[in-house]
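Number of protein chains: 2
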Amino acid sequence: MTSQHKNISMAMFIADEIQREIERGVYSDGKRLPSEASMCHRFYTNRYTIRQAMDRLVNIGLVRSRKGVGYFVNERPLDLCYTITPFTRFSTMIENGGLKPSAMIISQEKRLPSEKVQEALHVTQNDEVYRFEILRFADDTPLAWNETWLPAKMFEGLPQYMTSFVSLYDILKKHYHVRPKRINSTFQAVVPTVNEATYLQISPSTPLLQIESIVKDEIAGRMEYTKAKYRGDLCQVTSEL
Amino acid sequence: MTSQHKNISMAMFIADEIQREIERGVYSDGKRLPSEASMCHRFYTNRYTIRQAMDRLVNIGLVRSRKGVGYFVNERPLDLCYTITPFTRFSTMIENGGLKPSAMIISQEKRLPSEKVQEALHVTQNDEVYRFEILRFADDTPLAWNETWLPAKMFEGLPQYMTSFVSLYDILKKHYHVRPKRINSTFQAVVPTVNEATYLQISPSTPLLQIESIVKDEIAGRMEYTKAKYRGDLCQVTSEL
DNA sequence: TAGTGGTCTAGACCACTAT
DNA sequence: TAGTGGTCTAGACCACTAC
């Protein structure tokens, strides 16, 4: 190993080397990289150093690892573009990309609202709200982690309809006759918690695009406060101004 | 150590534990955390595991390390909220937060446009464009990395005005009498390149909020295609719909 | 069953910082 | 000089996958 006289670690030198080889096409999309053991031999070093290098490639999203199998050049399973408007919703975004949307309820509860939720929904600290945690998929790829709050008074008995579903808004329209309209969205780049990373099946350094929205019904008023974290490597969101 | 029967590693459990303690204020902003050695004792484990945990906290930007000294809780120098509209621009966003905006030109060139730039600016492959790389600051904290393209024909001689500036749009208005209007923005969560991380003074896994915008002038037509990467830990952007 | 990556142990030497 | 984080070594056991 001639890791040349610069002020970088051998691990970072190896990471750069592998990255250049991937970019030169030595390993093509979806193909397996050499095992850690063989890279140890190739670079005359040990597993720790090799793993430091591979960790970097995994973190920047160039490579993914499969336990018991190996490292693979990352193919992007999806590349979704979503134009956000007052009336678009998650399921239509997925369908527009030619994929099948689905969702899974992770948790549901009726509780008193936090200060932030009070402000967003225009409710008092004594008005109960439903809180759902929902994992959303596109063609069976976990795409977003969604936390959503709705006033309990407005949607009495909602949990009984939430057993399995594709679109939350379809349920709300059907049983409560509301017409949901998004009034604003706030964007932020964040990293997942360990819990979210597990559900989304990503490394804990994959960036997420967090979108907080407030949704109202023309008659019933503010009806939903929702916070969704989308996999940043799989989608982008456009807002027309 | 009771790292409870979940399917997460001890390192990630420790990272969460330290993170919760920081959020509870056990270690306040800028204060030194316990040394790796003392954390080894506390969690009945060894340096490797502690370092895996601390690596995560450094990567998500919660903590920074100083060689030979220790780990410190990262002070968040800023917390900016920005409402994006057709006429807001970077400098006003900063000023609204009560801070002083500034900017530094990293590079400038006149070149032929890539396919993406052609499409965004409605120019052909033979129409030259100016490309600027700009580093933007709020109160001397590097906040965003900005790449921007403008049609050379529309802004002949622009580089001579770009020696030092606060607002690009002030220059364009003053010398070219345009009225810039943003027509859309695309949001994405990304990680910085090593180069960008260096300029922004962040770890290479800090998430960035990338905002691509197309800007037009009512008379002159499409006048700017701009891609800005904002430090995700320092700001959030709201779009009214 | 053999090979893979995920996690962990128990050391080592170094460069850097504070005193 | 003593303590810190940065890097590296050389092992170990495990869960998982492919054959």
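Those sequence lines, one after another, are chains A and B. Residues 0 to 240 (numbering that gives the first Met the number 0) are what the first sequence spells out, left to right. Residues 0 to 240 (numbering that gives the first Met the number 0) are what the second sequence spells out, left to right. We put the beta carbon where it would ideally sit given N, CA and C, even for glycine.
Please report the straight-line C-alpha distance between residue i and residue j, rounded to a whole angstrom.
| i | j | result |
| --- | --- | --- |
| glutamate 94 (chain A) | glutamine 187 (chain B) | 20 Å |
| glycine 67 (chain B) | arginine 46 (chain B) | 16 Å |
| isoleucine 201 (chain B) | valine 57 (chain B) | 10 Å |
| aspartate 54 (chain A) | valine 72 (chain A) | 13 Å |
| glutamate 155 (chain A) | histidine 174 (chain A) | 10 Å |
| histidine 4 (chain A) | phenylalanine 12 (chain A) | Here the model assigns histidine 4 (chain A) a pLDDT of 39, short of 50, so the residue's position is not dependable, and the following value carries that caveat. Near 11 Å, if we compare the C-alpha coordinates of phenylalanine 12 (chain A) and histidine 4 (chain A). |
| threonine 1 (chain B) | glutamate 223 (chain A) | Confidence at threonine 1 (chain B) is low in this model, with a pLDDT of 37, below 50, so the placement of that residue should be treated as unreliable; the coordinate-derived value is given next. Roughly 38 Å separates the two Cα atoms. |
| arginine 221 (chain B) | arginine 88 (chain B) | 16 Å |
| serine 165 (chain B) | serine 90 (chain B) | Reading off the sequence shown, one finds valine at residue 165 (chain B), where the question assumed serine. Their Cα atoms are separated by approximately 7 Å. |
| valine 25 (chain A) | alanine 196 (chain B) | 27 Å |
| glutamate 239 (chain B) | glutamine 117 (chain A) | 20 Å |
| proline 150 (chain B) | glutamate 211 (chain B) | 17 Å |
| aspartate 216 (chain A) | histidine 176 (chain A) | 10 Å |
| glutamate 35 (chain B) | alanine 137 (chain B) | 34 Å |
| tyrosine 160 (chain A) | proline 203 (chain B) | 44 Å |
| glycine 97 (chain B) | arginine 230 (chain A) | 32 Å |
| tyrosine 168 (chain A) | leucine 208 (chain A) | 22 Å |
| glutamate 108 (chain B) | tyrosine 129 (chain B) | 6 Å |
| serine 163 (chain B) | methionine 103 (chain B) | 7 Å |
| cysteine 234 (chain B) | glutamate 114 (chain A) | 21 Å |
| proline 85 (chain B) | isoleucine 213 (chain B) | 10 Å |
| lysine 152 (chain A) | proline 100 (chain A) | 29 Å |
| isoleucine 105 (chain A) | tyrosine 198 (chain A) | 9 Å |
| aspartate 78 (chain B) | methionine 38 (chain A) | 43 Å |
| glutamine 18 (chain B) | valine 62 (chain B) | 9 Å |
Opposite residue i in the DSSP bridges: which residues?
| i | result |
| --- | --- |
| isoleucine 133 (chain A) | A:Ile104, A:Asn145 |
| leucine 79 (chain A) | A:Cys234 |
| aspartate 216 (chain B) | B:Pro179, B:Gly220 |
| lysine 210 (chain B) | The question names lysine, but residue 210 (chain B) in the sequence shown is isoleucine. DSSP output for isoleucine 210 (chain B) lists B:Phe186, B:Ala227 as bridge partner(s). |
| glycine 69 (chain B) | B:Arg65 |
| glutamate 239 (chain B) | A:Asn183 |
| valine 140 (chain B) | For the record, residue 140 (chain B) in the displayed sequence is threonine; it is not valine. Note: threonine 140 (chain B) sits in a beta bridge opposite B:Ala137. |
| proline 150 (chain B) | B:Val128 |
| arginine 110 (chain A) | A:Val128 |
| arginine 298 (chain A) | Here chain A comprises residues numbered 0 to 240, so residue 298 (chain A) is not present and cannot be evaluated. |
Please confirm if residue i has its CB atom under 7 Å from at least one CB of chain B.
| i | result |
| --- | --- |
| serine 238 (chain A) | yes |
| serine 113 (chain A) | no |
| glutamine 3 (chain A) | Unreliable positioning characterises glutamine 3 (chain A) in this predicted model, as indicated by a pLDDT of 41, which lies under 50. The coordinate reading is nonetheless provided below. Glutamine 3 (chain A) does not count as touching chain B. |
| glutamine 51 (chain A) | no |
| glutamine 18 (chain A) | no |
Whose Cβ in chain A lies nearer than 8 Å to the Cβ of residue i?
| i | result |
| --- | --- |
| asparagine 183 (chain B) | Thr237, Ser238, Glu239, Leu240 |
| glycine 231 (chain B) | Gln187, Ala188, Val189, Pro206 |
| isoleucine 93 (chain B) | Ordered by position in chain A, no residue passes the 8 Å Cβ test against isoleucine 93 (chain B), which lies about 17 Å from the chain. |
| methionine 11 (chain B) | Val193, Pro203 |
| aspartate 28 (chain B) | Under the 8 Å cutoff, chain A gives no residues; its nearest Cβ is about 19 Å from aspartate 28 (chain B). |
So is residue i in contact with chain A if we call contact Cβ pairs under 7 Å?
| i | result |
| --- | --- |
| aspartate 216 (chain B) | no |
| valine 128 (chain B) | no |
| methionine 222 (chain B) | no |
| isoleucine 7 (chain B) | yes |
| tyrosine 78 (chain B) | A quick correction: the sequence has aspartate, not tyrosine, at residue 78 (chain B). Not closer than 7 Å to any Cβ of chain A, the Cβ of aspartate 78 (chain B) fails to qualify, so no. |
| methionine 0 (chain B) | Low local confidence applies: a pLDDT of 38 at methionine 0 (chain B) is under 50, so the model's placement there is unreliable, with the coordinate-based value given in what follows. Answer no: the Cβ-Cβ gap between methionine 0 (chain B) and chain A never drops below 7 Å. |
| aspartate 139 (chain B) | no |
| aspartate 169 (chain B) | no |
| aspartate 15 (chain B) | yes |
| lysine 226 (chain B) | no |
Check the Cβ of residue i against every Cβ in chain B and list those closer than 8 Å, keeping chain order.
| i | result |
| --- | --- |
| glutamine 200 (chain A) | Those do not exist, as glutamine 200 (chain A) stays about 13 Å from chain B at its closest Cβ, beyond 8 Å. |
Mind pulling the chain A residues with CB within less than 9 Å of residue i?
| i | result |
| --- | --- |
| threonine 84 (chain B) | Leu240 |
Which residues bound the alpha helix (DSSP H) around residue i?
| i | result |
| --- | --- |
| arginine 178 (chain A) | Where arginine 178 (chain A) is concerned, there is no enclosing alpha helix (DSSP H), given that its DSSP letter is neither H nor E. |
| tyrosine 198 (chain A) | 193 to 199 |
| histidine 121 (chain A) | No alpha helix (DSSP H) holds histidine 121 (chain A); DSSP gives it neither H nor E. |
| isoleucine 21 (chain A) | 9 to 23 |
| threonine 91 (chain A) | 89 to 95 |
Mind pulling the chain B residues with CB within less than 9 Å of residue i?
| i | result |
| --- | --- |
| asparagine 58 (chain A) | Asn58, Val190, Pro203, Ser204 |
What residue range is occupied by the uninterrupted beta strand (DSSP E) comprising residue i?
| i | result |
| --- | --- |
| tyrosine 47 (chain A) | From DSSP, tyrosine 47 (chain A) is part of no beta strand (DSSP E) but of the alpha helix (DSSP H) over 46 to 58. |
Kindly list, in the order they appear in chain A, the residues whose Cβ is closer than 7 Å to that of residue i.
| i | result |
| --- | --- |
| arginine 55 (chain B) | Pro203 |
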